[in-house]
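One structure is given below, encoded as structure tokens.
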Amino acid sequence: MHAHGEKLLAQCSRSLREEEISQYWDMGKCKGHRVSVALPPEISRLPRGSDLLVTFSTGSVATMAHNWVAALAKAGVREGVIIGALDQKMQDECTKRSLPCVPVIGDQSTTRDLKKCKSGNIRSCPSQYPKMSILKVGFYRELLSSGFNVLACDADAIFMADPRPFLRTHPWTLADMAVATDCIDVPGDAQRALLHCDFNTGLVYMRGNEAVLNFTEAWREKVANAKEERIRDQAAFNMITKATPGLATYRDSDGKEVPRVYVACRGSGGGTPLLLGVLPLNRFLNGHTFFVQHVHTLPQAEPPISVHMTYQFAEGAAFAYGKRQRLREAGLWFVDDADYFGGGKYLAVSTKGATLPPVSFSPTADSRDAIKQHLAEHAHRLAVLRSLLGIAKALGRRLVLPRMLCYCDYMWKEMRACRVGGAESMRLPFDCPMDHVLDTPLFFENNLGVEVREPGFLSDPRVPSSVSGSVAQASMPAGTALNDVQVRTALARFADAAVLVLDEADGRFCGFADAAAHAAFAAESERVLTYERVPFCTMEGSDNAPLYSRCCMPWHEGEKFFPCQYGFGKPKALPACAAGA
1 MHAHGEKLLA
11 QCSRSLREEE
21 ISQYWDMGKC
31 KGHRVSVALP
41 PEISRLPRGS
51 DLLVTFSTGS
61 VATMAHNWVA
71 ALAKAGVREG
81 VIIGALDQKM
91 QDECTKRSLP
101 CVPVIGDQST
111 TRDLKKCKSG
121 NIRSCPSQYP
131 KMSILKVGFY
141 RELLSSGFNV
151 LACDADAIFM
161 ADPRPFLRTH
171 PWTLADMAVA
181 TDCIDVPGDA
191 QRALLHCDFN
201 TGLVYMRGNE
211 AVLNFTEAWR
221 EKVANAKEER
231 IRDQAAFNMI
241 TKATPGLATY
251 RDSDGKEVPR
261 VYVACRGSGG
271 GTPLLLGVLP
281 LNRFLNGHTF
291 FVQHVHTLPQ
301 AEPPISVHMT
311 YQFAEGAAFA
321 YGKRQRLREA
331 GLWFVDDADY
341 FGGGKYLAVS
351 TKGATLPPVS
361 FSPTADSRDA
371 IKQHLAEHAH
381 RLAVLRSLLG
391 IAKALGRRLV
401 LPRMLCYCDY
411 MWKEMRACRV
421 GGAESMRLPF
431 DCPMDHVLDT
441 PLFFENNLGV
451 EVREPGFLSD
461 PRVPSSVSGS
471 VAQASMPAGT
481 ALNDVQVRTA
491 LARFADAAVL
501 VLDEADGRFC
511 GFADAAAHAA
521 FAAESERVLT
531 YERVPFCTME
541 GSDNAPLYSR
551 CCMPWHEGEK
561 FFPCQYGFGK
571 PKALPACAAG
581 A
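Residues 1 to 581, numbered by the UniProt record's numbering, are exactly what the sequence shown covers, in order.
Dropping the structure here:
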């Protein structure tokens, strides 16, 4: 039993849980899904008790794992870094890219089932994704059993600073494990860990002790023997740690409550408890707090340690385009080659021409007013983008995407003041990630023939001076839309500039002189710019519907519900060309 096992069991008598969750202790016969790992010499020679930073990857997302390693190196972490390679393709990529990988070998059934996923993104294979969870948790356990501590991360959990010094401070040194949270309420989390939120196993720290070894054994087998595909590593982790009697306050030898550390009373999956720390949301950010709320940019904000790419939309089946784009927007994608930054000429639009004049909305604003502004901004954005795509194609330039402003959050549940619960204080408008307003994968899988770069690209220090130092400002006549031939003539004097910045783009392009080229561009640009996404669901106009009422329509006739508003439609038609065009 854990060294403090008896004491912790006593503390379990006082549970902080307010409600029970479903129990899944008997979901199938345990078959002992073993995982084997052969550690490389550079890991084996590290002192036992060392912290290993660990992720896992299939070959389909090798670039994401490569970026994870590159981000750690930029943060000063080069020792004790491992990628668990889950297939031969990933092992080959590790050799090709000189990445610190070890093959993770599961039982024949698990390995066979994992190979059934033919998609480039295993998350799009719901039947096979749990098999990867079995391998990854088994991988963690093998490392723990070798005497190491493990900071386990998804490959899309990017570090901006070395996390190990933080984990060596009080109260984290008391915890057997520490885990990130899916909460988005930063002020609430700062007061006390919000235990009603799911723990997110995309970032979990584990010490190589008996309690954690018992836990990871139970964790792996819960996933392996689950009868439902939805029981993956994160769901299983929450089931075990929050199982009745739940999480109890942890008190030190003086009886003083230790903040953010709790006793997981069924922590081993049986009867042995363990100490679980809940990592602070303001340092270990998620996709909402970082990319939507931008809490790390607030006054007095502490520097973030990591960001996990959660609350993600428009991801893509062939590749994680949405996550890569967010990381590029944040300057956290480190594996683009030199050609990405300097291998061509670029087109951009001015800050003024990118958006409508910004309008601030207070935390007490009416969602319906904010949505109206949001949709007006979106219509303007589509018109600007359609012109820019056409002009970039006509000039043979890469397009730097314009700044994107949002006046309403993108969420699958009800909102008040266009803010979801827990983010009531977030600023509107905000610079929104591309996937909030555009179907991101379509910008990388289309027939337009125009490469795009993220907003802010030209400010990236990796852009060579031959590009950043060669910028021309240009204007196109207002009220007159030009075709591709006219565009080339009107802007010919700027041909040598590496970057051409237009003051305005809306209404400046009408299409292509060649009828077939025009029809193809009109159809393809409409497809790329059309985004089918969930509507806005508002508490305003609901006649005080109770929480957890349904969005858009009632569960049963006569019940109250939260009304929805649509509006993300197709872009407006290209303007008519000037006479003689």
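Note that beta-carbon positions come from the ideal geometry of N, C-alpha and C, so glycine has one too.
**Asked** For the candidate residues Asp162, Arg207 and Arg381, whose alpha-carbon lies nearest to that of Met149?
**Response** According to the sequence provided, residue 149 is Asn. The question's Met does not apply to it. Considering only alpha carbons, the answer is Arg207.
**Request:** Apply the 10 Å Cβ neighbour rule to Gln312 and answer buried if 16 or more other Cβ atoms are within range, or exposed otherwise.
**Result:** buried
**DSSP beta-bridge partners of Met64** = DSSP output for Met64 lists no bridge partner at all.
**Request:** Below 7 Å CB to CB, which residues in the same chain sit around Met553 once its five sequence neighbours on both sides are set aside?
**Result:** Excluding positions up to five away in sequence, the list reads Phe561.
**Message:** Suppose you measure from the CA of Met404 to the CA of Leu547; what does that come to, to the nearest Å?
**Reply:** 31 Å
**Asked** Cα separation between Lys352 and Tyr410?
**Response** 24 Å
**Met404, DSSP secondary structure in three states** = coil
**Item:** Reduced DSSP secondary structure (H/G/I, E/B, other) of Gly569
**Value:** coil
**Asked** Can you tell which of Ser145, Phe290 and Lys136 has the C-alpha that lies nearest to the C-alpha of Gly84?
**Response** The shortest C-alpha separation from Gly84 is found at Lys136.
**Start and end residues, alpha helix (DSSP H) containing residue 585** = The first residue shown for the chain is 1 and the last is 581, placing residue 585 beyond what the model contains.
**Asked** Are the beta-carbon atoms of Ala354 and Pro433 separated by less than 8 Å?
**Response** Between Ala354 and Pro433, the CB-CB gap reaches or exceeds 8 Å.
**Asked** Curious, which full-length beta strand (DSSP E) runs of at least 3 residues does the segment 493-580 contain?
**Response** 499-502 and 509-511
**Prompt:** Does the distance from the C-beta atom of Asp496 to that of Gln473 stay below 8 Å?
**Reply:** no
**Message:** Could you give the first and the last residue of the continuous alpha helix (DSSP H) run that contains Leu276?
**Reply:** No alpha helix (DSSP H) contains Leu276, which is instead part of the beta strand (DSSP E) from Leu274 to Val278.
**CB contact flag (Arg398, Glu451, <8 Å)** = yes
**Prompt:** Is DSSP giving Glu414 helix, strand or coil here?
**Reply:** coil
**Message:** Counting only beta-carbon separations shorter than 8 Å, does Asp51 have a partner in chain D?
**Reply:** The chain labelled as chain D is not found in the depicted structure, where only one protein chain is given.
**Prompt:** Of the residues Leu482, Gly49 and Ser133, which one's Cα is nearest the Cα of Thr58?
**Reply:** The option with the nearest alpha carbon to Thr58 is Ser133.
**Prompt:** Within the chosen definition, does the segment 208-223 reach the segment 278-291 through at least 3 CB pairs nearer than 8 Å?
**Reply:** no
**Asked** Hey, Pro491 and Val400: beta-carbon distance below 8 Å or not?
**Response** Note that residue 491 is Leu in the sequence shown, not Pro. Taking 8 Å as the Cβ cut-off, Leu491 and Val400 do not qualify as a contacting pair.
**Beta carbon of Thr181 nearer than 8 Å to that of Phe237** = no
**Asked** On the three-state DSSP scale, how would you describe Asn238?
**Response** helix
**Item:** Secondary structure, alpha helix (DSSP H): runs of 4+ residues fully inside the segment 170-238
**Value:** 186-191 and 210-224
**Prompt:** Which residues in the same chain as His436 place their Cβ atom closer than 6 Å to its Cβ, once the five residues preceding and following it in sequence are excluded?
**Reply:** Cβ neighbours of His436 beyond the five flanking positions: Cys406 and Tyr410.
**Whole-angstrom distance between Pro575 and Ile21, CA atom to CA atom** = The pLDDT assigned to Ile21 is 29, lower than 50, so where the model puts this residue is not dependable, and the model offers no usable value.
**Item:** Own chain residues within Cβ distance below 8 Å of Asp460, not counting five before or after
**Value:** Gly331 and Phe341
**Asked** Near Tyr531, which residues of its chain fall below 8 Å by C-beta distance, leaving aside the five closest residues on each side in sequence?
**Response** Ala314, Val437, Leu438, Asp439 and Phe568
**Request:** Using the DSSP secondary-structure output, state which residues sit across from Phe56 in a beta bridge.
**Result:** According to DSSP, Phe56 bridges with Gly84.
**Prompt:** Three or more C-beta pairs closer than 8 Å, one from the segment 165-180 and one from the segment 71-87: is that the case here?
**Reply:** no
**Asked** Counting pairs of Cβ atoms below 8 Å between the segment 416-426 and the segment 183-194, do you hit three or more?
**Response** The segment 416-426 vs the segment 183-194: in contact.
**Prompt:** Where Pro273 and Val263 are concerned, what is the direct C-alpha to C-alpha distance, given to the nearest angstrom?
**Reply:** 6 Å
**Request:** Just the C-alpha distance for Pro455 and Glu559, rounded to the nearest angstrom, thanks.
**Result:** 44 Å
**Message:** Whether or not the segment 383-394 and the segment 504-517 are in contact is what I'm after, with contact meaning three or more pairs of Cβ atoms, one per stretch, closer than 8 Å; do they touch?
**Reply:** Enough Cβ pairs lie closer than 8 Å, so yes.
**Asked** Is Tyr566 buried or exposed, if buried means 16 or more other CB atoms sit within 10 Å of its CB?
**Response** exposed
**Request:** Classify Thr95 as buried or exposed, calling it buried when 16 or more other Cβ atoms lie within 10 Å of its own Cβ.
**Result:** When all chains shown are included, Thr95 counts as exposed.
**Asked** Going by beta carbon distance, what residues of the same chain come within less than 8 Å of Ala38, once the five residues before and after it are set aside?
**Response** Val102 and Pro103
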